[in-house]
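See structure below.
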Amino acid sequence: GFSNFLRGASNLRHLRLNYVCITTFNSGVELFTESRLTRLVCSVSQVMNPGKEQSLTASATPGPSLLVHFPALQHWTVESGPSSTEISALTQLHQAVVEYTPNLRNIQINDANSYTLTELLARVFVNLQTSSLQFSHFTSDALLSLLTHHSTLTRIQIQTRAVNT
18 GFSNFLRGAS NLRHLRLNYV CITTFNSGVE LFTESRLTRL VCSVSQVMNP GKEQSLTASA
78 TPGPSLLVHF PALQHWTVES GPSSTEISAL TQLHQAVVEY TPNLRNIQIN DANSYTLTEL
138 LARVFVNLQT SSLQFSHFTS DALLSLLTHH STLTRIQIQT RAVNT
């Protein structure tokens, strides 16, 4: 499936998954973890629960984070933040970011409420250099969350609407 696609697309550097689920997890297939992809555009749900929507049985084995495939990832455009049920799982997302994407330094959050934005910035990402946020979600709490990255943050972009990257 998805691992074989990535294995065959060795020149792929930018992947956009617009609210589609293209992966299912098969524990018998070796995951491809050497992609040279540097830019990813997708939702938090797609990263945390790849294939969940396509699961045919309740007993289906949950797969690992989509991030397992992208060790070279540098930029993630978050198309939508976590759902209210996923907020409690941000610790797992943080662990996936740290373990699988050590080069992730640039984040753009397009569609998240102020609370979710604050939680993502404060609890998930580490050593951010660039952050792009929507003005409507930029609150004092979001500013404080950005300041947790004060030693590495070199650029903040605040925009009036989502920008396609």
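Going letter by letter, the sequence shown gives residues 18 to 182 in our numbering. Glycine included, every Cβ here is placed at the ideal spot set by N, Cα and C.
Check: Can you list, in chain order, the residues of its chain whose CB lies under 8 Å from that of residue 23, leaving out five sequence neighbours each side?
Finding: Non-local C-beta neighbours of residue 23 in its own chain, meaning closer than 8 Å and more than five positions away in sequence, comprise 29, 49, 52, 54 and 86, ordered along the chain.
Next item on the list: State yes or no: is the C-beta of residue 129 within less than 9 Å of the C-beta of residue 154?
Entry: For residue 129 and residue 154, yes; Cβs fall inside 9 Å.
Next item on the list: Figure out for me which residue from 111, 175, 64 and 146 has the closest Cα to the Cα of residue 137.
Entry: Just measuring C-alpha positions, the residue of 111, 175, 64 and 146 sitting nearest residue 137 is 111.
Next item on the list: Identify every residue that forms a DSSP beta bridge with residue 173.
Entry: DSSP, once it has assigned bridges, lists 148 as partnering residue 173.
Notebook entry, point to check: How many angstroms separate the CA atom of residue 71 from the CA atom of residue 148?
Noted result: Residue placement at residue 71 is poorly supported in this model, since its pLDDT is 47, which falls under 50; the coordinates still yield a value, given next. Looking at the two C-alpha atoms, the distance is approximately 32 Å.
Check: The beta strand (DSSP E) with residue 125 in it runs from where to where?
Finding: Counting along the chain, residue 125 sits inside the beta strand (DSSP E) bounded by residues 123-126.
Notebook entry, point to check: Cβ atoms of residue 134 and residue 106: under 9 Å apart, would you say?
Noted result: No, the Cβ-Cβ distance between residue 106 and residue 134 is not below 9 Å.
Check: Given a threshold of 16 other Cβ atoms within 10 Å of its Cβ, counted over all protein chains shown, does residue 73 qualify as buried or as exposed?
Finding: Legend: pLDDT at residue 73 = 40, less than 50; position of this residue unreliable, no value from coordinates given.
Check: Taking buried to mean at least 16 other C-beta atoms within 10 Å of its own C-beta, is residue 64 buried or exposed?
Finding: Classification of residue 64: buried, given that the 10 Å Cβ count is 16 or more.
Next item on the list: Buried or exposed for residue 124, please, with buried defined as at least 16 other CB atoms from any protein chain shown within 10 angstroms of its CB.
Entry: By the Cβ-count criterion, residue 124 is buried, with 16 or more other Cβ atoms from all chains shown falling within 10 Å of its own Cβ.
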